[in-house]
Amino acid sequence: MFTKEQQLIEEKIKLFCQANDIALAELKWQPIPFAGEWGFATSFFQTVANEAKLGKGNKVPVPQKAQEIATQVAGQIGSVDGISRIEAVKGYLNIYFKTSDYAKKVVDEVLTSKNNFGRGEKKSERVMVEYAQPNTHHSFHIGHARNTILGEVLARLVEFAGYETIRASYPGDLGLGVITVMWIYEKFYKGQEPEGVHERGQWLAKLYVEATALLEKKENETPEETAKREEYDAERREMYRKWDAGDEYVRNLWHVTREWSLEELREILRMLDVKMDVWFYESEADEPSKLIVEELIAKGIADDERPQGGAVIVKIDEKLGLTKEKYRTNVILRRDGTTLYLTKDLALAKIKFEQHHVDRSIYVVDSRQSLHLQQAFAILKLWGFPQAEKCYHLGYGFVSLPEGAMSARRGRVVLFKEVYDEAVKRVLSVEAEKSADIPVAEREKIASQIGLGALVYSMLSVDNNKDIVFDINEALSFDGRTGPYIQNAYVRANSILKKAGVTSNELRDASYDYELTKHEIELIEQISQFPQKVQQAAEEYRPLVMASYAYDLANTFHSFYHAVNVMQTEDEKTKNARLQLVMAAKQTIENALRLLDIQSPDVM
RNA sequence: GCCCUCGUAGCUCAGUGGAUUAGAGCGUUUGCUUGCGGAGCAAUAGGUCGGCGGUUCGAGUCCGUCCGAGGGCGCCA
């Protein structure tokens with residue numbers, strides 16, 4: 074915002090150093106650690122260290138010498154427009170802005186940009202974010218929720234930072250797990266179908282558990298039990314064979330049951346306000362991926378060991394000319410000619426690059442699949458895709474339960490919908506106590522917004538590479554560093570504006586030339602940081618950066634709210650300026666929450 | 001055996017080279033009843049940043065090594 078002043082001063086420093094024969098190191102500007110006044114600073118430690126290496130100067134300690142230079146420079150700069158003062162402190166040169174100018178600039182920018190405050194300049198790259206890859210014929214659990222929330226927030230950040238963004242979902246709709254559910258349905262539950270989208274999805278998950286129990290080898294089986302189990306397994310394998318051969322009946326059964334799962338997935342995405350641009354299905358990648366195997370063999374990238382009774386493999390390290398083991402060797406086609414996960418990922422990447430013309434592709438996938446994805450990217454590179462260099466795996470730690478890892482097979486999972494229902498229930502009970510004035514009809518909607526706010530924020534407030542042990546009481550806490558805490562700051566800002574009867578449309582000119590309190594200054598400081606936080610979070614692929622910022626902003630607002638009573642401000646001009654500051658804070662909180670996929674209720 | 005991630009306050013986590021005392025939340029102890037809704041504010045106690053060595057003017061942050069935890073490693077996804 075103040076690059077002109079910065080450049081001017083930089084010139085003056087360079088001139089001074091030339092005149093005094095000082096070998097100035099590169100000037101790195103940074104904000105002054107905030108203590109009530111805005112400004113930017115640079116240090117002279119590097120310059121002094123360089124001088125010392127050249128054998129110049131006597132043996133004065135570095136910090137002391139840096140301070141000497143800073144003091145001399147400060148004395149030389151003189152007055153600069155928009156700059157209130159310049160000082161030398163501990164080897165740093167601090168340059169302060171005029172407080173009232175800075176404050177007005179920040180607030181005005183928010184109020185004119187509104188929803189777009191913080192949006193980055195349009196960039197030419199097209200980015201695809203792939204997330205939400207649950208298996209069908211199961212139900213959506215909180216592990217899937219972490220994946221989906223991370224992916225969606227990343228997509229929002231990248232988009233708001235200025236990139237053209239495509240959201241892609243990739244459900245796993247084939248494999249033995251899927252067939253297992255179809256088998257038990259066909260055998261014991263044919264014709265049944267629970268009412269309700271979630272009920273149907275959850276029912277399929279129950280069938281999977283039941284089927285697994287029937288098909289798993291048990292200890293101390295009687296011969297009859299063994300025979301029964303083997304009979305079931307043969308039936309299941311026969312069904313898989315028929316599916317693979319395109320048997321009309323089995324394919325139809327597959328379509329119908331798959332749709333039950335997808336309906337539930339679409340409903341959950343709707344609840345999370347996720348709008349997918351592209352749907353890839355694992356089943357659709359199967360056939361194209363076989364052609365890719367042929368191509369890779371023809372190009373000499375893959376080795377066909379089938380004639381020797383083996384599979385089709387890619388010796389990745391060898392082909393890349395690496396001597397140390399890194400990507401190893403992997404199979405891309407089984408000896409029986411069927412494809413693997415890796416094979417399908419190659420086909421999917423080809424579609425992303427050739428049909429969607431993406432320049433950059435982000436995979437939001439469990440970090441345990443890191444090697445797998447690195448292998449896939451390496452093969453894409455061998456294959457010759459320039460975008461392979463721009464494939465990025467955003468890994469995240471897995472979500473487990475206090476009693477151990479989740480297991481769909483054993484039915485040991487916590488479903489997203491269960492947690493959501495519990496969240497709404499808990500918020501409603503708080504509302505009944507604290508928000509008796511809100512009409513009951515409205516409370517349900519607010520409860521959903523707050524409940525999801527708590528859940529979503531709990532997933533975002535931990536860095537993505539950390540594992541989470543899911544504790545529902547922590548996830549649904551409403552106190553302290555939580556989603557509702559941030560939403561409450563928004564509600565309070567809204568409440569002030571409502572009482573004052575001002576809307577964002579009537580923008581009166583405000584000036585901040587009165588003596589600002591510490592709390593006003595800190596609030597302005599937080600607001601001003603939003604645009605750079607957007608860029609940082611998007612460039613580093615780190616939703617946590619935005620989650621932390623949103624909390625800090627809300628925290629600063631709560632302190633301001635408590636310390637400065639806007640409505641009781643006597644001086645009209647000051648009151649007007651404060652109302653506009655509240656409006657700017659409200660807008661910034663709303664923008665930050667939107668990026669975090671959390672809604673901003675007007676009351677709560 | 002090789003590779004990846006992690007080790008910071010009692011607990012859960014921020015902080016990826018720069019400014020006297022390393023920051024939050026929960027939990028602890030204690031204040032805030034006439035005020036824009038207390039899902040809040042203010043204060044309090046609590047840390048050899050896993051150990052050792054190195055690079056640097058400067059290291060929780062970079063490098064090496066050791067210890068500890070979790071994860072991955074050619075026909076699962």
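Residue numbers for the first sequence, in the numbering used here: 74 to 677.
A virtual CB, placed ideally from N, CA and C, is assigned to each residue, including glycine.
- Excluding residues up to 5 positions away in sequence, Ile82, Lys85 and Ile159 lie with their Cβ nearer than 7 Å to the Cβ of Ile150 in the same chain.
- For Arg158, there is no enclosing alpha helix (DSSP H); the enclosing beta strand (DSSP E) has its first and last residue at Ile156 to Val162.
- Residue pairing from DSSP places Asn167 in a beta bridge opposite Ala114 and Glu160.
- Shown here for Gly526: same chain residues with a beta carbon closer than 6 Å to its own, the five before and five after excluded, namely Gly556, Pro557, Gln560 and Ile671 in chain order.
- If you check the CB distance, Ala218 and Gly193 do not come in under 8 Å.
- Within the stretch 418–488, the runs of beta strand (DSSP E) that reach at least 3 residues and sit entirely inside it are, in chain order, 433–439 and 464–469.
- Taking all protein chains shown into account, Thr412 has 16 or more neighbouring C-beta atoms within 10 Å of its C-beta and is therefore buried.
- Secondary structure note for Glu272: its alpha helix (DSSP H) is the uninterrupted segment Val270 to Leu288.
- Using a Cβ distance threshold of 8 Å, Glu198 and Tyr236 count as a contacting pair.
- Closest by C-alpha distance to Met532, out of Ser473, Lys572, Ala583 and Val497, is Ser473.
- Burial is judged here by how many other beta carbons sit within 10 angstroms of a residue's own beta carbon; Phe551 has at least 16 and is buried.
- Using a Cβ distance threshold of 8 Å, Thr120 and Ala98 count as a contacting pair.
- With fewer than 16 other CB atoms across the displayed protein chains lying within 10 angstroms of its CB, Ser584 is exposed.
- Contact annotation: Leu249 and Ser334 have beta-carbon atoms that are not nearer than 8 Å.
- Excluding five sequence positions before and after Glu643, none of the CB atoms of its chain fall closer than 7 Å to its own CB.
- Between Tyr204 and the set Leu223, Thr576 and His429, the nearest pair of CA atoms involves Leu223.
- In the structure shown, Asn561 falls within a helical segment according to DSSP collapsed to helix, strand and coil.
- Between Ala573 and Ala627, the alpha-carbon positions lie close to 21 Å from each other.
- For Asn325, the enclosing alpha helix (DSSP H) begins and ends at Glu321 to Met344.
- Along the length of the stretch 562–643, whole beta strand (DSSP E) runs at least 3 residues long do not occur.
- Here Lys138 has Val121 as same chain residues with Cβ atoms under 6 Å from its own Cβ, once five neighbours each way along the sequence are excluded.
- Residue pairing of Asp377 in beta bridges, as defined by DSSP: Val385.
- Check the Cα spacing between Ala520 and each of Thr144, Leu338, Asp536 and Lys498: the tightest is with Lys498.
- Between the stretch 413–431 and the stretch 444–461 there are three or more inter-stretch CB-CB distances shorter than 8 Å, so the stretches are counted as touching.
- In its chain, beyond the 5 residues on either side, Glu398, Lys399, Tyr400 and Arg401 have a beta carbon closer than 7 Å to the beta carbon of Asp390.
- By the neighbour-count criterion, in which 16 or more other beta carbons inside 10 Å mark a residue as buried, Glu337 falls on the buried side.
- With fewer than three CB-CB distances shorter than 8 Å, the stretch 352–364 does not count as touching the stretch 376–383.
- Under the three-pair Cβ rule at 8 Å, the stretch 404–411 does not count as touching the stretch 346–353.
- By the Cβ criterion, the stretch 593–608 is in contact with the stretch 654–671, since at least three pairs of Cβ atoms, one from each stretch, lie closer than 8 Å.
- Under the criterion of beta carbons closer than 8 Å, Asp181 and Gly155 do not qualify as touching, at roughly 15 Å.
- In this structure, the alpha-carbon of Val492 lies about 7 Å from that of Ile545.
- Judged by DSSP secondary structure, Leu652 falls within the alpha helix (DSSP H) whose first and last residues are Glu645 to Leu668.
- Residue nearest to Val251 within the set Leu528, Val438 and Lys279 is Lys279 (criterion: CA-CA distance).
- Minimum Cα-Cα distance from Glu332 among the listed residues Val366, Glu547, Tyr165 and Val270 corresponds to Val270.
- For Val231, there is no enclosing beta strand (DSSP E); the residue is part of the alpha helix (DSSP H) that begins and ends at Ile215 to Phe233.
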